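Student: What follows is a single structure, and I will ask about it in a moment.
2 protein chains.
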Amino acid sequence: MNVMNESPRRKELTRLAAQLFVQEGFDRTTVRMLAQEMGIKSGSLFHHFKDKQEILAAVIEEGTQNALAIARQSLKRCGSDPEARLRAMARAHLETLFADRNAHVVALFEWRRLDPAASAHLSHLRDAYEALWVDVIDAALNAGLIHGDRFLVSRFVLGALNWTVRWYDPNGSRTPDDLADELVGMIMAR
Amino acid sequence: MNVMNESPRRKELTRLAAQLFVQEGFDRTTVRMLAQEMGIKSGSLFHHFKDKQEILAAVIEEGTQNALAIARQSLKRCGSDPEARLRAMARAHLETLFADRNAHVVALFEWRRLDPAASAHLSHLRDAYEALWVDVIDAALNAGLIHGDRFLVSRFVLGALNWTVRWYDPNGSRTPDDLADELVGMIMAR
DNA sequence: CATTCACACTAGCGCTTGCTTGGTTACTCA
DNA sequence: TGAGTAACCAAGCAAGCGCTAGTGTGAATG
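Line by line, the protein sequences are chains A and B. Quick note, the first sequence lines up with residues -9 to 180 if you use my numbering. Quick note, the second sequence lines up with residues -9 to 180 if you use my numbering.
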């Protein structure tokens, strides 16, 4: 088995795994299916990953790291205006959601299949991401842009955004930025 | 095997199955686990259900039928005021979501595991339910209570509501009605 | 009293699963 | 040129899977 490093080969395999996990679900995806998709034999898979669990963890970690990076970058770029920051977070969220769609669908819907160790590690990453959101929501509340309970508002907004993976069609007429603006418009006091 | 009727025994077994499906996920729940939870041997399970798929379909059908019934009842009770109807739908949604929590979690997150035949049948049920929502949202838009695109608004609202199953704690200080009112307040123009 | 029925049992078939083993190839770099 | 290593393969194991076949039983029905 490889060490836990991030060889380019492993990264490519992780991408393919994410796609299969979305298509079939984690449990129904067999190591033989994964291997075939990767053009290798099933035994060879365990040269790159300790076990099937580790593949799942790699997929989710990849997606969450990207989300965190993009969100931080967006916030840095957009100054300190609360409305601009709110809009930027919504846009960044949808941008990463559809850029790394497979990884995020796995993260959102196969989370429970992680073993406790991996789950604990990835929870911290997720918390770091959500903390960004809470800060932005807080600032928007203090500025009077939106009303309500900070906890509930952030949960509702994240729920509405995450649920888009269930219905949004990237080939349709609406861009992710359209969605973000519509959502922000929907919740802002006028 | 039993006919597809709704014997009380079968209904009770369906309830237990829903609980296990939530705990373990559909794929990881074995017929032996189901049988043990039900206090019978695995072979006996197939007296009540044709196969494992049929158990999943029964769980989801049960939940969706209840949601539809409760929503219709709530709308009938609350008159024709657009705001009251909007609030009633949100309350009804959360009420059924937590009254039949297991069934709904399965319906929301194990949907993909249905075979095509069952999926088509249950999609119609789901569409009937969502049609109620679109009507109510439409009326609220026409009354100027909320702003935005009817399609997007209903998707965002349903997303925010459905996502509550991931974080809402029924033993906490907030009632489902609190959540409904907060959400309605959040999206209403002021 | 005979028959039927719902419900449960035991036993196990045929197949798939995640993962291991022992060995081979292809490439890098001293 | 030869040692080291990353990547791979063929073969297979032990466990577990959904599901079936055939049987037993106590209560209701004729």
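Note that the Cβ used here is the ideal one computed from N, Cα and C, for glycine as well. The structure presented is a predicted model; accordingly, all values stated were derived computationally and were not measured.
With H, G and I counted as helix, E and B as strand and the rest as coil, what does DSSP make of B/Phe11?
Tutor: For the purposes of this step, residue 11 of chain B is taken as residue 21 along the second sequence, with counting starting at 1. In this structure, B/Phe11 counts as helix in the three-state DSSP scheme.
Student: Name the chain B residues that come within less than 7 Å of A/Ala150, Cβ to Cβ?
Tutor: The residue given as residue 150 of chain A occupies position 160 in the first sequence. Those within 7 Å of A/Ala150 in chain B are Phe146, Gly149, Ala150.
Student: With a 10 Å radius around its C-beta and 16 neighbouring C-beta atoms as the bar for buried, classify B/Leu11 as buried or exposed.
Tutor: Along the second sequence, one-based indexing puts residue 11 of chain B at 21. According to the sequence provided, residue 11 of chain B is Phe. The question's Leu does not apply to it. Per the 10 Å Cβ criterion, buried.
Student: Give the C-beta separation of B/Ala80 and B/Val174 to the nearest angstrom, bearing in mind that I take them to be a contact with Cβ-Cβ under 8 Å.
Tutor: Taking the first residue of the second sequence as position 1, residue 80 of chain B is located at position 90. Taking the first residue of the second sequence as position 1, residue 174 of chain B is located at position 184. Indeed, because the Cβ distance is near 6 Å, the residues count as touching under 8 Å.
Student: Tell whether a beta-carbon distance below 9 Å holds between A/Ile136 and B/Met176.
Tutor: Taking the first residue of the first sequence as 1, we reach residue 136 of chain A at position 146. Taking the first residue of the second sequence as 1, we reach residue 176 of chain B at position 186. Going by C-beta atoms, A/Ile136 is nearer than 9 Å to B/Met176.
Student: Under 8 Å Cβ to Cβ from B/Phe141, same chain only, skipping five residues before and after it: list those, please.
Tutor: For the purposes of this step, residue 141 of chain B is taken as residue 151 along the second sequence, with counting starting at 1. Around B/Phe141: no qualifying Cβ.
Student: Residue range of the alpha helix (DSSP H) that A/Ser144 falls in?
Tutor: As a working note, residue 144 of chain A is residue 154 in the first sequence. Counting along the chain, the alpha helix (DSSP H) containing A/Ser144 begins and ends at 140 to 153.
Student: For A/Arg145, count the other beta carbons within 10 Å of its own beta carbon; 16 or more makes it buried, fewer makes it exposed. Which is it?
Tutor: Taking the first sequence and counting its residues from 1, one reaches residue 145 of chain A at position 155. Buried: at least 16 other Cβ atoms inside 10 Å.
Student: Let's test the definition: count the other Cβ atoms within 10 Å of the Cβ of A/His114 and tell me whether it reaches 16, buried, or not, exposed.
Tutor: Counting from 1 along the first sequence, the entry for residue 114 of chain A is found at position 124. Answer is exposed; the Cβ neighbour count stays below 16.
Student: By alpha-carbon positions, which one of B/Lys66, B/Arg156, B/Ala97 ends up nearest to B/Ala47?
Tutor: Along the second sequence, one-based indexing puts residue 47 of chain B at 57. The residue with the shortest Cα to Cα distance from B/Ala47 is B/Ala97.
Student: List the whole-angstrom C-beta distance separating B/Val21 from B/Ser32, where the pair is believed to meet the contact cut-off of C-beta under 8 Å.
Tutor: What you label residue 21 of chain B is simply residue 31 of the second sequence in a count that begins at 1. What you label residue 32 of chain B is simply residue 42 of the second sequence in a count that begins at 1. Sure, about 5 Å apart at Cβ, within 8 Å.
Student: With burial defined as no fewer than 16 other Cβ atoms inside 10 Å of the residue's Cβ, what is the status of A/Ala8: buried or exposed?
Tutor: Within the first sequence, the letter at position 18 stands for residue 8 of chain A. With 16 or more Cβ atoms within 10 Å of its Cβ, A/Ala8 is classed as buried.
Student: May I have the straight-line CA-CA distance separating A/Ala25 from B/Met23, to the nearest angstrom?
Tutor: Your numbering for residue 25 of chain A matches position 35 in the first sequence. Your numbering for residue 23 of chain B matches position 33 in the second sequence. Going from the Cα of A/Ala25 to the Cα of B/Met23 covers about 30 Å.
Student: Rounded to the nearest angstrom, what separates A/Ala89 and A/Val95 at their Cα positions?
Tutor: Indexing the first sequence from 1 puts residue 89 of chain A at position 99. Indexing the first sequence from 1 puts residue 95 of chain A at position 105. When rounded, the distance between both Cα atoms is 11 Å.
Student: Pick helix, strand or coil for A/Asp168, following the three-state DSSP scheme.
Tutor: The residue given as residue 168 of chain A occupies position 178 in the first sequence. Of the three classes helix, strand and coil, the one that applies to A/Asp168 here is helix, per DSSP.
Student: Are the CB atoms of A/Pro72 and A/Ala150 nearer to each other than 9 Å?
Tutor: Position 82 of the first sequence, counted from the first residue, corresponds to residue 72 of chain A. Position 160 of the first sequence, counted from the first residue, corresponds to residue 150 of chain A. The answer is no: Cβ separation not under 9 Å.
Student: Here's the rule: buried if 16 or more other CB atoms are within 10 angstroms of the residue's CB, otherwise exposed. What is B/Leu103?
Tutor: Numbered from 1 along the second sequence, position 113 holds the residue referred to as residue 103 of chain B. Note that residue 103 of chain B corresponds to Arg in the displayed sequence, not to Leu. It counts as buried.
Student: Got a sec? Which residues, its chain only, sit under 7 Å from B/Ala74 by beta carbon, not counting five neighbours each side?
Tutor: Working through the second sequence from its first residue, we reach residue 74 of chain B at position 84. These residues qualify, in order along the chain: Cys68.
Student: For the candidate residues A/Glu2, A/Ser70, A/Gly53, A/Glu44, whose alpha-carbon lies nearest to that of A/Ile30?
Tutor: By 1-based counting over the first sequence, the position of residue 30 of chain A is 40. Answer by Cα proximity: A/Glu2.
Student: Just by C-beta distance, which residues in the stretch 7 to 38 of chain A are closer than 7 Å to chain B?
Tutor: Result list: Gly15, Asp17, Arg18.
Student: When you compare the CB of B/Asp139 with every CB in chain A, is at least one pair closer than 9 Å?
Tutor: Your numbering for residue 139 of chain B matches position 149 in the second sequence. Chain A contact via Cβ: present.
Student: Hey, out of B/Ala170, B/Tyr158, B/Ala108, whose CA is closest to B/Glu44's CA?
Tutor: In the second sequence, counting from the first residue as 1, residue 44 of chain B sits at position 54. Of the candidates B/Ala170, B/Tyr158, B/Ala108, the one whose C-alpha sits nearest the C-alpha of B/Glu44 is B/Ala108.
Student: Please state whether DSSP places A/Lys40 in a helix, a strand or coil.
Tutor: Residue mapping note: residue 40 of chain A aligns to position 50 of the first sequence, counting from 1. Three-state DSSP puts A/Lys40 in coil, outside helix and strand.
Student: Would the beta-carbon of B/Leu84 fall within 9 Å of that of B/Leu169?
Tutor: Position 94 of the second sequence, counted from the first residue, corresponds to residue 84 of chain B. Position 179 of the second sequence, counted from the first residue, corresponds to residue 169 of chain B. The answer is yes: Cβ separation under 9 Å.
Student: Spell out whether any CB of chain B is found under 9 Å from the CB atom of A/Leu115.
Tutor: For the purposes of this step, residue 115 of chain A is identified with residue 125 of the first sequence, where counting begins at 1. Closer than 9 Å: no.
Student: If we define contact as Cβ-Cβ less than 9 Å, is B/Ile136 a contact residue for chain A?
Tutor: If you number the second sequence from 1, residue 136 of chain B lands on position 146. Yes, its Cβ sits closer than 9 Å to a Cβ of chain A.
Student: So, helix, strand or coil for A/Ala133, using DSSP?
Tutor: Counting from 1 along the first sequence, the entry for residue 133 of chain A is found at position 143. In the structure shown, A/Ala133 sits in coil (DSSP, three-state: anything other than H, G, I, E or B).
Student: May I ask which residues mark the beginning and end of the alpha helix (DSSP H) holding A/Arg81?
Tutor: Within the first sequence, residue 81 of chain A is the residue found at index 91, counting from 1. 72 to 89 is the extent of the alpha helix (DSSP H) around A/Arg81.
Student: Apply the 10 Å Cβ neighbour rule to A/Arg(-1) and answer buried if 16 or more other Cβ atoms are within range, or exposed otherwise.
Tutor: Your numbering for residue -1 of chain A matches position 9 in the first sequence. Exposed is the call here.
Student: Within the 9 Å Cβ cut-off, does B/Met79 reach chain A?
Tutor: One-based indexing of the second sequence puts residue 79 of chain B at position 89. Not one chain A Cβ lies under 9 Å of B/Met79.
Student: Would you decide whether A/Gly53 is buried or exposed? Buried here means 16 or more other CB atoms lie within 10 Å of its CB.
Tutor: In the first sequence, residue 53 of chain A corresponds to position 63, counting from 1. Counting Cβ neighbours within 10 Å, A/Gly53 comes out buried, since at least 16 surround it.
Student: May I ask you to list, following chain order, the residues of the stretch 91 to 103 of chain A that have a beta carbon less than 8 Å from some beta carbon of chain B?
Tutor: So the list reads Phe99, Arg102, Arg103, given in the order they occur along the chain.
Student: Taking the alpha carbon of A/Ala61 as the reference point, which residue from A/Leu76, A/Glu(-4), A/Gly138, A/Asn92 has its own alpha carbon closest?
Tutor: Taking the first sequence and counting its residues from 1, the one referred to as residue 61 of chain A is at position 71. Of A/Leu76, A/Glu(-4), A/Gly138, A/Asn92, the residue nearest in Cα terms is A/Leu76.
Student: Could you tell me the alpha carbon to alpha carbon distance between B/Asp139 and B/Pro166, rounded to whole angstroms?
Tutor: For the purposes of this step, residue 139 of chain B is taken as the residue at position 149 of the second sequence. For the purposes of this step, residue 166 of chain B is taken as the residue at position 176 of the second sequence. When rounded, the distance between both Cα atoms is 26 Å.
Student: With a cut-off of 9 Å, does the C-beta of A/Glu85 fall near any C-beta of chain B?
Tutor: Taking the first sequence and counting its residues from 1, the one referred to as residue 85 of chain A is at position 95. With 9 Å as the cut-off, A/Glu85 does not count as an interface residue toward chain B.
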